[in-house]
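Each remark here refers to the structure printed beneath this line.
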Amino acid sequence: MLKVYNVLNRRKEEFVPVSGNEVKMYACGITASGKAHIGHAYQAVIFDVIRSYLEYRGYNVTYVRNYTDVDDKIIIKARELGVDPRMYAETIMAGIDKEFEELGVCPPTICSRATECVGDMIDFIKKLIDAGHAYPTEYGDVYFDVDSFPGYGKFSNRLEGEELLSGVRNETEPGKRNDRDFALWKHAGDDEIFWESPWGNGRPGWHIECSTMSMKFLGETLDIHGGGKDLIFPHHENEIAQSEALTGKQFAKYWLHNGLVKVNGQKMSKSLGNGILLCDLLKDFIGDVIKLTLLMNSYRSDINIMDGIFDSNESKIYDIYKLFAKIDRLSGDMTDVPEAGQAGKDLAARIKEEFIDAMDNDFNTAVAVANLFGYTAELQKLVQKNLVGDSVLVKNTLREVYGVLRLLNSDPAEVIGKIKAKYLAKSGVSPEEADGAFQKWLGFKNEKDFASADAVRNGMAEKGILFVTERGGGSYWDVKTGK
Ligand SMILES: [Zn+2]
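In this text, residue positions in the sequence shown follow the numbering used here: the first is 4, and each later residue adds one.
Structure, rendered in structure tokens:
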């Protein structure tokens, strides 16, 4: 039975969609004001995996993720660069889409953009005004009237008074009746991008975007609403107020929030200059390495990215793909791969069962990933015993099950080639040089000149090229991965 931690009720609950097998899921996306950092990647990976696991469990998932492509920050950035804000946002979004693809995050069913739904937002705001939940001001702004929605503050567990203001930006907003009221529509300043509306030229507020887009594509009640935990207040509190004030129905049945990303124990910030951009990370590491690192954490807790963590996980991923490649070689050499024996069948069954146990427990990827390392150690033993049929079954099961986490999906030869090339480039040794030294080493060994053989081997090891002798006698050269 799948259980999820529902932030709405602050407890783990059985997951039962509103309507049969259909899951309607919305996750707040990125504001296209700058390049994606590791925090954006974390959220995208988490909700992609949640969606993927729900599909694995037989649900039919419609997943909407948005881009906020008009916003104060975008306008400021574009102005600094002297470009059109929509063009600026367009470039940022295209870059992020490409990076997510490279990371191996599947696109949502619908990727909605705020600027494509402004007409719907204006309709939404009109209805809120008609129902007495919002009011326009003489300055061309429209505010949500928080006092008209009695449940306000419940979701974020905030009390009446001061606490409701924390997290709300202090701006001078003339015409606002109550400090807690928030903008649904903002009038356009001089030379700012605008849309025409009954209240004059302006643009939508951030909160109304998500309420409108989720309702437009998924209907009045969502099964899952997701986002980072930093969005609980005011963003999600405000989304609930707007949506439920309009429909009188529950806005989302389950609220799921991912933790935040810290770097070496500290919050990422501009002033510390410790942010990690996804584009930079992708220059060094393949998607599997980045995703494995992010999924070693359970999604609700904050994740701490320590120096060297990606390098050490790269070694782990490299070893797993090398093991897969070896099994492919062994089975490829056979005319008939034997059927798996009991050992392989038992291990394959256990892998599936334990994966479902972990993921059914609020998508506990931390446990699922920890288990993976145990399984690969067991698989290694099957290979050493030359149980090819068992090894093939277990390898295929690992690829199927961990494919749900969008891991281990790649072609082993391709991954090995990429990682090898990276470390060869680092070492400054060409493949031909490595081959040459390796042949020399084999020659000295054949001549029983072990002193010369060791000298060649140690010389290459210093440069990060290892000569490996397997159990059973086969030898090859390899790169030394990690830091
Ligand atoms: Zn949102």
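Where a beta carbon is used, it is the ideal one built from N, C-alpha and C, also for glycine.
- Task: Determine, using beta carbons only, whether PHE147 and PHE185 come nearer to each other than 8 angstroms.
- Result: yes
- Reference VAL292; option with closest CA among PRO201, GLY230, THR71, GLY311: GLY311
- Message: I'd like to confirm something about HIS260: is its beta-carbon nearer than 7 angstroms to some heavy atom of ligand 1, or not?
- Response: no
- Query: How many angstroms separate the CA atom of TYR189 from the CA atom of ASP72?
  - Reply: Here the sequence assigns Lys to residue 189, which means Tyr is not the residue at that position. Their backbone Cα atoms lie some 15 angstroms apart in a straight line.
- Query: Where the beta carbon is closer than 5 angstroms to any heavy atom of ligand 1, which residues qualify, in chain order?
  - Reply: CYS31, CYS213
- Item | Buried/exposed call for GLU242, threshold 16 Cβ in 10 Å | buried
- Using alpha carbons as the reference points, say which of ILE227, ARG116, GLN253 lies closest to ASN9. ILE227
- Message: Could you tell me the alpha carbon to alpha carbon distance between SER301 and GLY230, rounded to whole angstroms?
- Response: 15 angstroms
- Same chain, Cβ closer than 6 angstroms to PHE490, neighbours up to 5 away in sequence not counted: The displayed coordinates of the chain run from 4 to 486. Any statement about residue 490 would go beyond what the structure contains.
- Message: As a quick exercise: from TRP258, SER274, ALA35, pick the residue whose alpha carbon is nearest that of ILE99.
- Response: ALA35
- Are LEU281 and ALA92 touching if we call contact CB-CB under 8 angstroms? no
- Length of the line joining the Cα atoms of GLY170 and ASN204: Residue placement at GLY170 is flagged as unreliable, the pLDDT there being 49, under the threshold of 50; a coordinate-derived value is accordingly withheld.
- Message: I need the DSSP call for PHE327, collapsed to helix, strand or coil.
- Response: helix
- Message: Report the start-end ranges of each beta strand (DSSP E) in the stretch 448-480 that is 3 residues or longer and not cut off at the edges.
- Response: 468-472
- Task: Work out the CA separation of GLU417 and ILE323 for me, nearest whole Å.
- Result: 13 angstroms
- Query: Shorter than 8 angstroms from the beta carbon of TYR142 to some beta carbon of chain D?
  - Reply: Structure shown: chain D not included; a single protein chain is present.
- Query: Whole-angstrom Cβ separation of SER394 and ILE330, contact assumed at under 8 angstroms?
  - Reply: 5 angstroms
- Starting from THR338, follow the alpha helix (DSSP H) in both directions and report where the run begins and ends. Per DSSP, THR338 belongs to no alpha helix (DSSP H) and is neither H nor E.
- Item | Assigned exposure category for MET4 - 16 Cβ within 10 Å defines buried | exposed
- Message: In chain order, what are the residue ranges of uninterrupted beta strand (DSSP E) at least 3 long that sit wholly in the stretch 60-135?
- Response: 63-71, 113-116
- Query: Would DSSP call SER496 helix, strand or coil?
  - Reply: Residue 496 lies beyond the range of the chain shown here (4 to 486); nothing can be said about it.
- Which word fits THR94, buried or exposed, when buried means at least 16 other C-beta atoms lie within 10 angstroms of its C-beta? exposed
- TYR426 beta carbon less than 8 angstroms from that of GLY467: yes
- Item | C-beta atoms of LYS101 and GLY37 nearer than 8 angstroms | no
- Message: Can you find the residues in the same chain that come closer than 7 angstroms, C-beta to C-beta, to GLU381, ignoring five residues on each side of it along the sequence?
- Response: LEU350
- Task: Report the rounded CA-to-CA distance for LYS6 versus LYS256, giving the unit in angstroms.
- Result: 13 angstroms
- Just checking, does the stretch 112-124 make contact with the stretch 205-218 on the three C-beta pairs under 8 angstroms criterion? yes
- Inspect the CB distances between the stretch 192-203 and the stretch 138-153 and report whether three or more fall short of 8 angstroms. yes
- Hey, how far is the Cα of ASP51 from the Cα of GLY262? 15 angstroms
- Query: Nearest to ASN160 by alpha carbon, out of LEU11, GLU435, LEU410, GLU436?
  - Reply: LEU11
- Item | Span of the alpha helix (DSSP H) around LYS38 | Per DSSP, LYS38 belongs to no alpha helix (DSSP H) and is neither H nor E.
- C-alpha gap between GLY475 and GLY377, whole angstroms: 23 angstroms
- Whole-angstrom C-beta distance between PRO20 and PRO66, which should lie under 8 angstroms: The sequence given here places Tyr at residue 66; Pro does not occur at that position. About 13 angstroms separates the two Cβ atoms, so there is no contact after all.
- Item | Assumed close pair GLU317, PHE288 - CB separation to whole angstroms, cut-off 8 angstroms | 6 angstroms
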